[in-house]
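**Student:** Be aware that the sequence shown starts at 4, since it is given in the UniProt record's numbering, and climbs by one per residue.
Glycine included, C-beta positions come from ideal geometry on N, C-alpha and C.
A single structure is presented below for examination.
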Amino acid sequence: SETPASLIMIFGATGDLAKRKLYPSLYHLFRKGKLAEHFAVVGVARRPWTNEVLREHVKDSVLSSIHDAEDIEKFISHFYYQSHDVTDSQSYIQLKDLANQLDQKYSLEGNRIFYLAMAPEFFGTIAEHLKIDGLTDTDGFHRLVIEKPFGHDLDSAIQLNKQIRNVFSENDIYRIDHYLGKEMVQNIEVIRFANAIFEPQWNNRFISNIQITSSEMLGVEERGGYYETSGALRDMFQNHMLQMVALLAMEPPIRLTPKEIRSEKVKVLSALRSIENEEIKDYFVRGQYGPGEDNGQQLLGYREEMNVNPDSNTATFVAGKLMIDNFRWAGVPFYIRTGKRMTEKSTKIIIQFKDVPMNLYYNSEKKLAPNLLVIHIQPEEGITLHLNAKQSGQTMETTPVKLNFANNDVAGLNTPEAYEKLLFDCLRGDATNFTHWDEVALSWNFVDKISNFWENKKAEFPNYPAGSMGPEAADQLLEKDGFSWWPVS
Ligand code: BG6
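Dropping the structure here:
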């Protein structure tokens, strides 16, 4: 199905996100016939580019990931560039004139998407100008797509939200959390609610703990400036990790509408046990990578990276234990860890079921392994169920077996990138996989207590070598509850 005619304005058109994700995703939609003839894109940024320069740039960005880019000339002919000063009304008035012309030329019916893919300090200003300078004065829809970070803490998020809500209604605000566009993150809900065997067991009577690991191999690269103000807690935990928790823990929605799904997620986030001050030590561990080695290659410590304070107190790793105090989850820890410069790039969810009431097959060498359901988010996409079966032969010994489903093995299936799906959803007006303000507010509320506590106390950093699975304290976090991290490879 096609998307409605629309004008897409990308603020930050010369930036990295537009180049790596947005242009290739738009091209994919175009090639699949999902972008109507009736679309135009205005790239907005400070640099004095022309339409031609932008079009070449878009073409390069598409060609760097897709070699056989059919119809690329036709695609880029829909792109226009406007050199822009985000604080100057004059710029917006010019932009409005261009938008109105394109509206006519492509019959866009006044439908507009404003995509802010740039430094967050201007989000509020841009939203206000869009209204004051008349860019939202058309008959069609007006949607704001906004990249993270959505504020730096609860106060700044409230501030930002006020500014954008002066112009756009909640229903027209699409706050991106790109994890919600990932195929296997979207699959969590389907695995849970389309299978009779899981949902009856999906609670504290049958599940002993849930583990979510999202590890990265890369360090901070050239993003030291941003990362110094964020750290792993704000960069990954406040958004991506808590979103996965909400999807794993929510009640079945009464129907699959954005309103119903998001309100179930909100309930999970409001049931998170709030932890404060000294208590935080029992629930959270922070880490920062020091120098290390990967296959003979020397890796810098975080404090040696570009634009990082040599004395930095910023966490590049965080592990936490979350308790969801409601009927379904009381007593079941959700263990989360995420960090930079770990041993591999991988995101996995492991659901560990409780042991059988007694073990008939126990012998001195072997304990019965618990049943695990593993949801592989990336790089591989799939599901594995760990069971125990009989070892073949004249024995009653057990042996672990795995039932595997690999999404990437489905013939002809080439999972679209998260951004392609999210752009498509936004064009169709489906906000399910975007975060509602209530989710953002509750997440910050939880995270702020931890970051405040940490910021007031100097950490003993670095505490894990680059290329490892994080500090030892992260293992102890589970050990004291009688658990351990399941290997993710
Ligand atoms: C982003 C963070 O939101 O997610 C990055 O800002 C991180 O620091 C990235 O690298 C991870 O996303 P993905 O899709 O590569 O797992």
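Determine the contact status of F144 and N114, defining contact as a CB-CB distance below 7 Å.
**Tutor:** Yes, they are a contact pair.
**Student:** Given a threshold of 16 other Cβ atoms within 10 Å of its Cβ, counted over all protein chains shown, does V404 qualify as buried or as exposed?
**Tutor:** Exposed, by the Cβ-count rule.
**Student:** Are the CB atoms of G227 and M121 nearer to each other than 7 Å?
**Tutor:** No, Cβ-Cβ distance for G227 and M121 is not below 7 Å.
**Student:** Relative to the C-alpha of N436, which candidate in A8, V45, E263, W457 has its C-alpha closest?
**Tutor:** Nearest option by C-alpha distance: E263.
**Student:** Which residues mark the beginning and the end of the beta strand (DSSP E) in which A43 is found?
**Tutor:** Counting along the chain, the beta strand (DSSP E) containing A43 begins and ends at 42-48.
**Student:** If I'm right that E125 touches V89 with Cβ under 8 Å, what's the distance once you round it to whole angstroms?
**Tutor:** Before going on, a small fix: residue 125 reads as Phe here, not Glu. Contact flag correct, Cβ pair sits at about 5 Å.
**Student:** Mind listing, in chain order, the continuous alpha helix (DSSP H) runs of no fewer than 4 residues lying wholly within the segment 282-363?
**Tutor:** Runs found: 283-286.
**Student:** How should D63 be labelled, buried or exposed, when 16 other C-beta atoms within 10 angstroms of its C-beta is the threshold for buried?
**Tutor:** When all chains shown are included, D63 counts as exposed.
**Student:** I want to check one thing, is the minimum distance from the CB of residue 1 to the heavy atoms of the ligand BG6 below 6 Å?
**Tutor:** With the chain represented from 4 up to 492, any question about residue 1 goes unanswered, as that position is not in the structure.
**Student:** Going by Cα to Cα distance, which pick from K369, L388, N407 is closest to M399?
**Tutor:** Out of K369, L388, N407, K369 has the C-alpha closest to the C-alpha of M399.
**Student:** If you draw a straight line from the C-alpha of L25 to the C-alpha of Q93, how long is it?
**Tutor:** Spanning the two alpha carbons is a distance of roughly 27 Å.
**Student:** Going by other Cβ atoms of all chains shown within 10 Å of its Cβ, with 16 needed for buried, is A322 buried or exposed?
**Tutor:** Answer is buried; the Cβ neighbour count reaches 16.
**Student:** For the beta strand (DSSP E) containing P403, list its first residue and its last residue.
**Tutor:** Its beta strand (DSSP E) spans residues 401-409.
**Student:** Could you compute how far the alpha carbon of K77 sits from the alpha carbon of R340?
**Tutor:** Cα-Cα distance, rounded: 45 Å.
**Student:** Would you kindly check if the distance between the Cβ of M239 and the Cβ of T346 is under 7 Å?
**Tutor:** For T346 and M239, no; Cβs fall outside 7 Å.
**Student:** Taking the alpha-carbon positions, what's the I352 to F456 distance?
**Tutor:** Taking the straight line from one Cα to the other gives about 28 Å.
**Student:** Output the distance between the C-alpha atoms of S446 and L426, rounded to the nearest integer angstrom.
**Tutor:** So the two alpha carbons sit approximately 24 Å from each other.
**Student:** Within the same chain, show all residues whose beta-carbon is closer than 8 Å to that of T401, passing over the 5 residues directly before and after it, in chain order.
**Tutor:** Within the same chain, T401 has close Cβ partners Y364, K369, L371, N391, A392, K393, Q394.
**Student:** Could you check what DSSP says for T128 in three-state terms: helix, strand or coil?
**Tutor:** DSSP places T128 in helix when its eight states are reduced to three.
**Student:** Answer yes or no: does any C-beta atom of chain D fall closer than 7 Å to that of V44?
**Tutor:** Absent from the structure is chain D; it holds one protein chain and no more.
**Student:** In terms of residue numbering, what span does the beta strand (DSSP E) encompassing L119 cover?
**Tutor:** Per DSSP, L119 belongs to the beta strand (DSSP E) from 115-119.
**Student:** Helix, strand or coil: how does DSSP classify M220 here?
**Tutor:** Three-state DSSP puts M220 in coil, outside helix and strand.
**Student:** When you compare the CB positions of A8 and L111, do they come within less than 7 Å of one another, or not?
**Tutor:** Going by C-beta atoms, A8 is nearer than 7 Å to L111.
**Student:** Using 8 Å as the threshold, is the segment 128-144 in touch with the segment 32-44, meaning 3 or more CB pairs across them?
**Tutor:** These segments do not touch.
**Student:** For the beta strand (DSSP E) containing L390, name the first residue and the last one.
**Tutor:** From DSSP, the beta strand (DSSP E) with L390 extends over 385-393.
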